[in-house]
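The structure appears below as structure tokens.
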Amino acid sequence: MKTILIKTMGVALLSGFGLYGHAAIEDTCETVPYWDSELVYTQGDVIQYAGKSFEAKWWIKNHRPNADNEYGPWKLVNEACLIESDKTLPLPLTSGSDLTPFVKVPENDLNIEVYRNFPGIYTINEKFTEVEFENVNAYLIVGTKQALLFDSGLGLGNIRQIIDQLTDKPLLLVNSHWHYDHVASNTDFPFIMAADDEYTRIGQQGLNNLDLIEFLKRAYGPYYKDVGPDYHIKPYHVDIYLRDKTKINLGSVELEVITAPGHSPDSIVLLDEERKLMYTGDVFYESVLFAHLPESNLKVYNQSAQKLAALQDKVARILPNHSIPFADGQALTRMANLFTAIINGEPGYAAGENMLYYNLFGLEIIIKESDLAEL
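First residue of the sequence shown: 12, per the working numbering; consecutive thereafter.
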């Protein structure tokens, strides 16, 4: 049986931010050496590659704790393989799904790759080499009357030029939340929608280089690299503020806005109920969830997790804005279980000053220890 080995982006904080890379045919699925244990975590999914169905299996392997790493005892590395499968894809519209780059990206945009998830849905995957594990997914959703871009990315490449290759429909930009890696190209788009929240209003004023560097150091600790003196977020204008249960009609596609604060005060997700898809921003992805930022709130994040889990039956596939651009809808229940366990007193691992790390139900998260006292 042939397998396709998916190369990852390298060692990352905890489980990494990028189990998604270039594919190469291998006779066997190689594994990362592991110090004294067998498989830690596996997960399956069915995807299309080169016209065939494959079942994806990925492993999280643990390297020995690094005593010099004040940000936590765990350093993990991801690896994955795709095993040829007779399983069918979970949604009828996924027959166009492909892991190979879909459009030609300008030679100077080496940080960007584009993939077609389903017909009319594209992932624009942007990498941030200065934060070695960081990659961000923006989603272009094309309807019969207009198109929607969910996040504008890191601002390192010309995402607008790429969008123009994919659609000529009138374009709406919707931000999943205000964080630098989701709004940095906002000024390239004429019409912007974002959550009706004070955090959004503050964020649209922009972020200078020094404040952005402080944010990056706080978020990524020792994995931060110097971004240089020019990287900053330009001020932009939000045209429409979105509230819970707002509907956005693209013609053949209707998306419902669901407020889901916790990672940030202004986090939202988009639900395509007809096609059973949920775009989760930074609320959920298959890597370490961030609840340790100053603006994060564990209690509120838990409420959002329970709210989304209640929609489980309406979601077959999740499209997150970090890490791999697909996950099974049942992950919403796992996320709710993760928060329930933490709230109920499950112990975490010290991961730096006022930070605790958890690995439960196949998911990982860093929280502020001080948030536990406020439950």
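Just so it is clear, CB atoms sit at the ideal spot from N, CA and C, and this is done for glycine as well.
So, helix, strand or coil for residue i, using DSSP?
| i | result |
| --- | --- |
| Y369 | strand |
| Y242 | coil |
| K138 | strand |
| E49 | Only weak support exists for where E49 lies, its pLDDT of 30 falling under 50; the coordinates are left without a value. |
| H333 | strand |
| K68 | A caution first: K68 carries a pLDDT of 42, below 50, which makes its placement in the model too unreliable to give a value. |
| F295 | coil |
| L261 | coil |
| N148 | strand |
| P272 | coil |
| R328 | strand |
| V153 | strand |
| D339 | strand |
| L160 | strand |
| L386 | coil |
| Y234 | helix |
| Q59 | For Q59, the pLDDT reaches just 42, beneath the cut-off of 50, and the residue's location in the model is therefore unreliable, although a value from the coordinates is still provided. Q59: strand per DSSP, three-state reduction. |
Relative to the C-alpha of residue i, which residue among the options is closest?
| i | options | result |
| --- | --- | --- |
| F301 | I259, Y369, T351 | Y369 |
| I213 | Y191, I152, L221 | Y191 |
| L182 | G166, N197, G168 | N197 |
| F129 | K236, I123, G164, L151 | L151 |
| F295 | E137, G154, N148 | N148 |
| N308 | G154, K379, T155 | K379 |
| D175 | V153, P358, Y360 | V153 |
| L221 | Y210, Y312, D241, P336 | D241 |
| I279 | L374, F200, V185, I132 | V185 |
| R229 | Q172, Q215, P305 | P305 |
| A271 | A206, L227, P246 | A206 |
| Y247 | H193, G363, Q215 | Q215 |
| N313 | I353, P201, K138 | I353 |
| P358 | D162, K258, L383 | L383 |
| K138 | A361, G363, H333 | H333 |
| L319 | G356, D162, L281, P336 | L281 |
| D199 | S163, A362, Y360 | S163 |
| I173 | Y133, N355, Y360 | Y133 |
Starting from residue i, trace the beta strand (DSSP E) both ways and give me its first and last residue.
| i | result |
| --- | --- |
| N348 | N348 -> not in any beta strand (DSSP E); alpha helix (DSSP H) instead, spanning 342 to 354. |
| N122 | No beta strand (DSSP E) holds N122; DSSP gives it neither H nor E. |
| L374 | 374 to 379 |
| L182 | 182 to 185 |
| Y252 | 251 to 253 |
| A205 | 203 to 206 |
At a cut-off of 6 Å, would you count residue i as near the ligand NAD, judging by its Cβ distance to the nearest heavy atom?
| i | result |
| --- | --- |
| N313 | With respect to the ligand NAD, the structure offers nothing, as it holds no ligand at all. |
Would residue i and residue j be called neighbours here (beta carbons separated by less than 7 Å)?
| i | j | result |
| --- | --- | --- |
| G262 | I244 | no |
| G273 | H188 | no |
| K287 | V326 | yes |
| M289 | I251 | no |
| K310 | L253 | no |
| L165 | A195 | yes |
| I135 | I170 | yes |
Looking at the secondary structure, which residues open and close the alpha helix (DSSP H) in which residue i lies?
| i | result |
| --- | --- |
| G292 | Here G292 belongs to no alpha helix (DSSP H); instead the beta strand (DSSP E) covers 288 to 292. |
| L309 | 309 to 320 |
| D283 | Note, D283: premise wrong, no alpha helix (DSSP H); beta strand (DSSP E) at 279 to 283. |
| Y231 | 220 to 231 |
| L177 | 170 to 177 |
| Y210 | 209 to 214 |
| Y191 | 191 to 194 |
Once you ignore the five residues that flank residue i on each side, which residues in its own chain have a CB closer than 7 Å to its CB?
| i | result |
| --- | --- |
| S381 | N365 |
| A338 | E297, I329, P331 |
| N219 | H243 |
| A316 | M346, A347, F350 |
| H303 | M366, I377, I378, K379 |
Apart from the five residues on each side of it in sequence, which residues of its chain come closer than 6 Å, Cβ to Cβ, to residue i?
| i | result |
| --- | --- |
| F372 | R345, N348, L349 |
| T105 | Bear in mind that a pLDDT of 31 at T105, under 50, signals an unreliable position, so the model cannot answer this. |
| D208 | P276, D277 |
| Q323 | L343, T344 |
| L167 | N122 |
| T211 | W189, A205, D277 |
| G461 | Residue 461 lies beyond the residue range present for the chain, which begins at 12 and ends at 386; the question has no answer from this structure. |
| P103 | At P103, the pLDDT of 30 sits below 50, so the modelled position is not reliable; the number obtained from the coordinates is stated separately. Counting only Cβ-Cβ distances below 6 Å, and skipping sequence neighbours, we find nothing. |
| V249 | I203, A205, Q215 |
| I259 | L266 |
Identify, in the order they occur along the chain, each residue of the same chain with its Cβ nearer than 8 Å to the Cβ of residue i, setting aside the five sequence neighbours on each side.
| i | result |
| --- | --- |
| E284 | E265, E267, K325 |
| K256 | E267, V268, I269 |
| Q157 | K180, P181, L182, L183, L261, G262 |
| T178 | L151, V153, A158 |
| Q341 | Q323 |
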